[in-house]
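Going by our numbering, the first residue of the sequence shown is number 8, and it counts up by one from there.
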Amino acid sequence: MSESERERVLIFYILKKLMHKRTEIYIKLYIRRKKRGNDQATPMRKRNHQAEGI
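If you want it as structure tokens, here you go:
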């Protein structure tokens with residue numbers, strides 16, 4: 008394994024970790040919103056707002 012390959016794998020791994028964390032946060036927020044029952048009227052608009060915020 009060359010130096011650049013190792014770097015690429017590391018970066019990829021870190022990015023995957025970050026994406027996973029971000030997804031977890033998104034899911035938690037979504038569940039919390041659902042419990043409050045906020046997004047029953049306009050689910051799509053609310054979801055788009057959330058996506059922009061993250």
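In this text, a Cβ means the ideal position worked out from N, Cα and C, and glycines have one as well.
Checklist entry - Between the C-alpha atoms of Glu-14 and Tyr-20, what's the straight-line distance to the nearest angstrom? => result When rounded, the distance between both Cα atoms is 10 Å.
Checklist entry - Under three-state DSSP, which class holds Ser-3? => result Any question about residue 3 goes unanswered here, given that the chain covers just 8 to 61.
Item to check | Arg-43 versus Val-16: straight-line alpha-carbon distance, rounded | outcome: About 41 Å.
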